Amino acid sequence: MRSRPSLRNCDPGKFSTARVSGDRDDLRRAWATAFVPDRAVIALAIALRSEGVVVATLSDNGPVLLAAIESVVTPSAIDKHVFSCMLGATKPAPAAFVAALEFLDARPQQTFFVDDNPVNVLSARRLGILAEQANNAADVESALRSVDLLRAH
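Note that the working numbering has the sequence shown beginning at 454, numbered continuously upward.
In structure tokens:
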């Protein structure tokens, strides 16, 4: 069995800030402001968690966003953030999904994956993960309802 993923490749300190005015914290804050989560999707995540569903992200974004993620996404919305730099692979590589499942201690048949990229969705499906493409909050809500993960409120 592989060892659990670590943050070894996610150290934002290994990236130079030589061309950026300010310190590393200024860089993290500036980078994080470029990522504005869809509030309707966040509300769906909170609703899922209220029903006992574990909610996680799987992102190919790098260590700078990882270091600032709690300032970007409401902590009550997500149980775990999984970044490719923690896994040593990026989507759509099967290794990224396998490592994410291991990190989350989840099985493919118990996992539902939503992504805007159809290639990532297909890759997840090939591993036995139930997956749907979604490009906006309405798509996410529809996908969640289609597998009975989200009840009417």
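Yeah, the Cβ is synthetic: ideal placement off N, Cα and C, and Gly gets one too. Keep in mind the model is a prediction, meaning the values are calculated, not measured.
Tell me whether the beta-carbon of LEU603 lies closer than 8 Å to the beta-carbon of LEU497. Yes, they are a contact pair.
How many Å lie between GLU504 and PRO516 at the Cα? C-alpha of GLU504 to C-alpha of PRO516: approximately 31 Å in a straight line.
Extent of the continuous beta strand (DSSP E) run through GLU585: Membership of GLU585 in the beta strand (DSSP E) is indicated by the continuous run 583–586.
Any idea if SER576 is buried or exposed, counting beta-carbon neighbours within 10 angstroms, 16 or more meaning buried? So SER576 ends up on the buried side.
Could you tell me whether the Cβ of VAL526 comes closer than 8 Å to any Cβ of chain B? Checking the listed chains, one finds no chain B in this structure; it contains a single protein chain.
Inter-residue spacing [alpha-carbon to alpha-carbon] between PRO571 and LEU540: One alpha carbon belongs to PRO571, the other to LEU540, and they sit about 21 Å apart.
So LEU617 is in the alpha helix (DSSP H); what residue range does that whole segment cover? The question about residue 617 has no answer here: the residues shown for the chain are numbered 454 through 606.
Tell me where the beta strand (DSSP E) around ALA509 begins and ends. ALA509 -> beta strand (DSSP E) spans 509–512.
Out of curiosity, what's the CA-to-CA distance linking ASP476 and ASN514? As the crow flies, the alpha-carbon of ASP476 is around 20 Å from that of ASN514.
Counting C-beta neighbours from all protein chains within 10 Å, is the total for VAL593 16 or more, i.e. buried, or is it exposed? Buried, by the Cβ-count rule.
From ASP568, PHE536 and VAL567, residue whose alpha carbon lies closest to that of ALA553: Of all alpha-carbon atoms in ASP568, PHE536 and VAL567, the one lying nearest the alpha-carbon of ALA553 is that of PHE536.
In angstroms with no decimal places, state the Cα-to-Cα distance between ALA548 and GLN563. CA-to-CA, the gap between ALA548 and GLN563 works out to about 18 Å.
Residue nearest to ASN589 in terms of C-alpha spacing, selected from VAL489, ASP478, ASP479 and ALA493: Nearest to ASN589 by alpha-carbon distance, out of VAL489, ASP478, ASP479 and ALA493, is ALA493.
With respect to the alpha helix (DSSP H) encompassing ASP592, which residues constitute its N-terminal and C-terminal limits? ASP592 -> alpha helix (DSSP H) spans 590–599.
Exposed or buried, SER529, counting other C-beta atoms within 10 Å across all chains shown (16 or more means buried)? By the 10 Å Cβ count, SER529 comes out exposed.
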